[in-house]
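Notes follow once the structure below has been shown.
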Ligand code: PFF
Ligand code: NA
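Here it is as structure tokens:
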């Protein structure tokens, strides 16, 4: 049984999946999380989380979506009516996520323009908080809508809407085929510029030097696991949805490996660029790298503008290319989040894609307004934390247990091996049934305790 809508080619599917995975998370989030966790100290837990959690769950979502041929909620409903909620819950989390994710893409679009002539001036930090965000002094205080941000966010919503409205093949697949190669080229240019700057090597040292004492630090592990959920778009139901549009004979396991390695490889390379630039700044200012950025969440919007100010030449070009790549990375991810919701609504209420897309985009766009106010950054910080834990993290535990034990990991494995170039071993069943959920439950408990204390 095939779905009416399908990816036209394997490359189309892989590019769309990489588009979902590679996003603000790889540039904006990865760099500040790595920075916050001592640079290189972060890479080891990150890699372990990729192998123990990321790849097994990506394979799980791919096989389940392709087998059931439905959005997350429909797929779980086909499994058993009592599990339908397990599709809706992460979808709801994804919808909340996209509402503020759009705001950050909007900031990036603003910063493309600010790059011309370095509008942020001599003090990018003050500019970011006071002028750009118009930050209020607490969450309780909303402050007015920031119209420049609002305009940018609105434009991003319209672009998303247009792409999703046109469907899988003519919308998402076409867009991914343009966005992803373009993004790869842009990031390469930026990274090469970064590592050829004086002082870059100091930054790269900071990034690549493993600090084994950090392996005892639970916070670093938590950060690595959250980042894997975010960066691979797993635990959100998005990959179930994307996979449901795969043609009959597509190689599920192979696709999962290609996509996750491409995503993490991208992050790793961007990290080289980001830390090079931090190293350059450190030599220019004589400050240690650790002290360069106070508020790590603003790294891309504070440290980068600062670095751009110091560049010997091509400041505008470098700045605008960097922020354009953030916009493109963000767009291809936001499409996938909206698509997950649209597909669920389409399946549930038997309405057309165009109608579902219109409803979702219009209502969610209004939600984004909240994040264009002066309290936007505070709200974002709180919700981000919460979603990662009780959205993707908790949903993934259920995915593993319900599919691994309820539906049967061996059934999914057999199904995949029929269409795969290389057979996936029994290791995967053991991961999905025991090891992956085991680790996740421990991390979840740790996260809850960390929040309480
Ligand atoms: N993977 C995206 C990133 O790294 O920016 C974010 C993301 C996309 C999260 C899709 C969740 C999702 F469903
Ligand atoms: Na990512």
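In the UniProt record's numbering, the protein residues as written are 1 to 453. Beta carbons are placed, not taken as given, at the ideal position from N, Cα and C, and that holds for glycine. Keep in mind it's a predicted model, so treat the numbers as computed, not measured.
Nearest candidate by alpha-carbon position, reference residue i, set the options
{"i": "residue 327", "options": "124, 186, 167 and 78", "result": "186"}
{"i": "residue 456", "options": "441, 402, 301 and 368", "result": "Absent from the model: residue 456. The displayed extent of the chain is 1 to 453, so no value can be given."}
{"i": "residue 271", "options": "375, 205 and 136", "result": "205"}
{"i": "residue 242", "options": "440, 58 and 274", "result": "58"}
{"i": "residue 318", "options": "161, 188 and 434", "result": "188"}
{"i": "residue 219", "options": "84, 33 and 419", "result": "33"}
{"i": "residue 96", "options": "111, 250, 334 and 431", "result": "334"}
{"i": "residue 238", "options": "63, 321, 311 and 402", "result": "63"}
{"i": "residue 415", "options": "60, 179, 433 and 194", "result": "60"}
{"i": "residue 175", "options": "431, 383 and 12", "result": "12"}
{"i": "residue 208", "options": "198, 276 and 387", "result": "276"}
{"i": "residue 224", "options": "447, 453 and 452", "result": "447"}
{"i": "residue 38", "options": "131, 90, 214 and 24", "result": "214"}
{"i": "residue 26", "options": "251, 283 and 265", "result": "265"}
{"i": "residue 112", "options": "75, 315 and 389", "result": "315"}
{"i": "residue 67", "options": "421, 82, 147 and 417", "result": "417"}
{"i": "residue 433", "options": "129, 396 and 453", "result": "396"}
{"i": "residue 45", "options": "211, 249, 406 and 368", "result": "211"}
{"i": "residue 141", "options": "425, 449, 376 and 382", "result": "376"}
{"i": "residue 109", "options": "121, 195 and 148", "result": "148"}
{"i": "residue 134", "options": "427, 406, 426 and 372", "result": "372"}
{"i": "residue 392", "options": "90, 103, 452 and 23", "result": "90"}
{"i": "residue 155", "options": "201, 4, 5 and 104", "result": "104"}
{"i": "residue 129", "options": "298, 309 and 82", "result": "298"}
{"i": "residue 366", "options": "78, 40, 9 and 99", "result": "99"}
{"i": "residue 74", "options": "250, 139 and 343", "result": "343"}
{"i": "residue 226", "options": "452, 9, 42 and 340", "result": "42"}
{"i": "residue 162", "options": "379, 405, 445 and 360", "result": "360"}
For residue j and residue i, believed in contact at Cβ under 8 Å, the rounded distance
{"i": "residue 289", "j": "residue 49", "result": "That belief does not hold up - the Cβ atoms of residue 289 and residue 49 are roughly 24 Å apart, past 8 Å."}
{"i": "residue 439", "j": "residue 52", "result": "6 Å"}
{"i": "residue 303", "j": "residue 292", "result": "6 Å"}
{"i": "residue 409", "j": "residue 403", "result": "7 Å"}
{"i": "residue 419", "j": "residue 252", "result": "7 Å"}
{"i": "residue 388", "j": "residue 94", "result": "Not a contact, Cβ separation roughly 12 Å."}
{"i": "residue 231", "j": "residue 21", "result": "6 Å"}
{"i": "residue 332", "j": "residue 179", "result": "5 Å"}
{"i": "residue 260", "j": "residue 55", "result": "5 Å"}
{"i": "residue 273", "j": "residue 195", "result": "7 Å"}
{"i": "residue 320", "j": "residue 115", "result": "4 Å"}
{"i": "residue 173", "j": "residue 16", "result": "6 Å"}
{"i": "residue 152", "j": "residue 106", "result": "4 Å"}
{"i": "residue 348", "j": "residue 124", "result": "Going by Cβ atoms, the distance from residue 348 to residue 124 rounds to 46 Å, so no, they are not a contact pair."}
{"i": "residue 322", "j": "residue 190", "result": "6 Å"}
{"i": "residue 157", "j": "residue 368", "result": "7 Å"}
Extent of the continuous alpha helix (DSSP H) to which residue i belongs
{"i": "residue 385", "result": "376 to 386"}
{"i": "residue 52", "result": "Taken as a continuous stretch (DSSP letters only), residue 52 belongs to no alpha helix (DSSP H), as it is neither H nor E."}
{"i": "residue 29", "result": "Taken as a continuous stretch (DSSP letters only), residue 29 belongs to no alpha helix (DSSP H), as it is neither H nor E."}
{"i": "residue 314", "result": "Looking at the DSSP string, residue 314 is not in any alpha helix (DSSP H), and its letter there is neither H nor E."}
{"i": "residue 424", "result": "No alpha helix (DSSP H) contains residue 424, which DSSP labels as neither H nor E."}
{"i": "residue 285", "result": "252 to 285"}
{"i": "residue 302", "result": "299 to 310"}
{"i": "residue 91", "result": "85 to 114"}
{"i": "residue 202", "result": "200 to 208"}
{"i": "residue 186", "result": "174 to 195"}
{"i": "residue 170", "result": "No alpha helix (DSSP H) contains residue 170, which DSSP labels as neither H nor E."}
{"i": "residue 436", "result": "436 to 452"}
{"i": "residue 219", "result": "218 to 231"}
{"i": "residue 293", "result": "Careful: residue 293 lies outside any alpha helix (DSSP H) and carries neither H nor E."}
{"i": "residue 242", "result": "238 to 244"}
{"i": "residue 471", "result": "A query on residue 471 cannot be resolved here, the shown segment of the chain reaching from 1 to 453 and no further."}
{"i": "residue 10", "result": "10 to 21"}
{"i": "residue 135", "result": "Taken as a continuous stretch (DSSP letters only), residue 135 belongs to no alpha helix (DSSP H), as it is neither H nor E."}
{"i": "residue 77", "result": "72 to 79"}
{"i": "residue 398", "result": "394 to 401"}
Residues bridged to residue i (per DSSP)
{"i": "residue 373", "result": "145"}
Any non-hydrogen atom of the ligand NAP within 8 Å of residue i CB
{"i": "residue 42", "result": "As for the ligand NAP, it is missing from this structure, which binds only the ligand PFF and the ligand NA."}
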